[in-house]
Each structure stands twice: as structure tokens, then as C-alpha cells.
Amino acid sequence: MESVTSISRIFYMAVWRNLITLTRYKVNLLFSIITSALWASGMLLFSLAFDSSILGRTVGTTNYVAFIVFGVSFQSWQGTALWGASSMLQSELSTGQIDYTFTCPFSRYRYIVSNVAALAIQDSIFFLPTFCVGLWLAITTLTFHGLLLGLLSVILSVAALVQFGVIFAALTLRYRQVTAVFSFFNFIIQMLSGMFIPIQILPALLQIIGFSIPVTFGMDLLRHYVMGTLTIFDPINEWIILLIQLALLSLIAKIVVSYLEVKAKEKGLHYI
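Start counting the sequence shown at -9; every next residue gets the next number (my numbering).
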């Protein structure tokens, strides 16, 4: 009886500790709740993608397997932006190296973006097998010219995602517990960028959100040039949007890192 009581107390204290931790980081808690609700809604939208007639009308192809394979290939870089950069700085934070990094006489922005870019190149190894499968599935519409343009759109998307990674890394240093925030953006990228379902079948409000995601137009252009699908907008406009997104995200990333530099000088990164 005493052992049962002891186990119950330990269990109670463990639950209480987890609840305290959960409610302490309110941003993390809020995004946990939002993400749960969004995934339920996302599953309803996902079911529509299996209707070949809807797929044919919206994107001009019924080759859903190739459509989704090209989307899945982008997930390797999605992980770089959301988790890779964050893990890198978390490691430096736990070892105490981060304070040294932020006090050395070099550009912190260039340091972070260089490391995130290196992670992106490393993760390209995981992109290639899936991408090659997609090319094989779309062999009937594949051309050398289309492949080159598709790869160029991929490069621009990855460059924009690298800037995303810098911003998320900064969030890690500022708020510490941001796993739910990352899960929220993980959902946004997967369900609203056209990665798994055509963005054209989404409600107008969700489409607007999807247009702000760097990989949305990169994937759309890749599928257009490789599979011959219909684009969301005119291809020229999508190229322009990709370049604007890259420039804006670069600017935001620099501003965020500059803010962290100021805070680091005032309090040290362990106390901001």
C-alpha cells in the first residue's frame, strides 16, 4: 500500500511539474492549442486532394503521386529552417559558447546565416533521392530546360528558407521554449504551401497565408516546369515574388539578429 502511495505521489508531482512548465511559457502553450485545432482542419482539406477531378481542374494534372513527391522533397529543408538552426544555437547556449559568439568582432548575422546555409547544403543529400523519384514519375513531361528552371526555383526557395532559419534560431535564443511555435509553422508550411494539397483548393484567407511562405512559389514553379502543371499566378510574377520574399526575409533576419546583439550586450544571452 505504501509503495502505491509513493508511486501516486511521484506521478502527481510529475504531472504538476509538467503543467507548471507548460503554463510558464505562454507563447508555447498558445501555439500548442492553435496547432492542434489546425491539424484537425487540415485533415479535412487533405481529403479533397485525393479527388482526381479536383486535382485536374486546379493544377492541370492528375499525377498526384508526382505532385506529392516533389512536395515531400522540400521537407528536408523545412527541417533545416525549423529545427536545424535552432538546435545549433541551443547547443551553443548550453555549452556557454553563445556569449563568446555574440561578443566576437564579426557579423553575427553572417555567422548564423552561414551555419544555416551549411545545414541546408548538408540536407540537400536527403532532397536528391526523393527529387529523383519525382523526376522519374514525371518523365513524360520532363525537359532539360524545364529541369534547369525548376532547380533555379528550388535554389531561391532554399535561400529564403535559410533566412527563415535565422529568424527561428533567434526566437530560440529569445524565448527558449518554442517547440510549439515551430510545430505551428511546421503545419503552416506543410498544409498551406501546396506541399501536399493544391493551394488553389484552400479558402481565400488560407491562400493568402500560403502565399507568404517561401517554398510555395518555389514548389509551384518546380511542378510547372517539370510536370507541366498550371501555376497559381503568371510564372514571371511568381519569380518576382520569390525574389521579393528573399529580400524581405533577409532584412527581417538582420533586424532580429541586431536586436539580439543589443540585448546580449545589455544582459547577456542567458538572461534576455
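Backbone N, C-alpha and C define an ideal beta-carbon position, used for all residues, glycine too.
Keep in mind that this is a model prediction, so the values were computed, not measured.
In the DSSP annotation of this structure, the continuous segment of the alpha helix (DSSP H) that includes G69 starts and ends at 65 to 69.
Collapsing the DSSP output to three states places P193 in coil. In this structure I231 is in contact with F207, their Cβ atoms being roughly 5 angstroms apart against a cut-off of 8 angstroms.
In the DSSP assignment, P119 falls within the alpha helix (DSSP H) that extends over 98 to 127. Going by DSSP, M185 is part of no alpha helix (DSSP H) at all; its letter is neither H nor E. CA-CA distance, F60 to L118, rounds to 10 angstroms. By the neighbour-count criterion, in which a residue is buried when 16 or more other Cβ atoms sit within 10 angstroms of its Cβ, I129 is exposed. One Cα belongs to V106, the other to E251, and the distance between them is close to 18 angstroms. Counting the other Cβ atoms within 10 Å of the Cβ of W67 gives 16 or more, which makes it buried. The C-beta separation of L212 from V144 comes to about 6 angstroms, placing the pair in contact by the 8 angstroms criterion. Secondary structure note for T206: its alpha helix (DSSP H) is the uninterrupted segment 204 to 217. Its Cα nearest to that of L127, the residue Y54 stands out among F174, Y54, S76.
At the C-beta level, L182 and L196 come within 8 angstroms of one another. The Cβ-Cβ distance between L109 and N176 does not fall below 8 angstroms.
A straight-line Cα-Cα distance of about 37 angstroms links L83 and I58.
Per the coordinates, the alpha-carbon of Y249 lies some 34 angstroms from the alpha-carbon of V62.
Nearest to I245 by alpha-carbon distance, out of Y215, P193, V156, I199, is V156. Per the C-alpha coordinates, the member of E228, G74, S147, L132 positioned closest to Q112 is G74. With a contact defined as Cβ atoms closer than 8 angstroms, L220 and V49 qualify at about 5 angstroms.
A149 counts as buried, since at least 16 other C-beta atoms from the protein chains shown sit within 10 angstroms of its C-beta.
In this structure, DSSP gives I222 a state outside helix and strand, which the three-state scheme calls coil. It is roughly 30 angstroms from the alpha-carbon of M217 to the alpha-carbon of F174. In its chain, beyond the 5 residues on either side, no residue has a beta carbon closer than 6 angstroms to the beta carbon of L142. Cα atoms of G46 and F134: separation of roughly 24 angstroms, rounded to the nearest angstrom.
Here T162 carries a helix assignment [DSSP, helix/strand/coil].
As the crow flies, the alpha-carbon of I199 is around 25 angstroms from that of L139.
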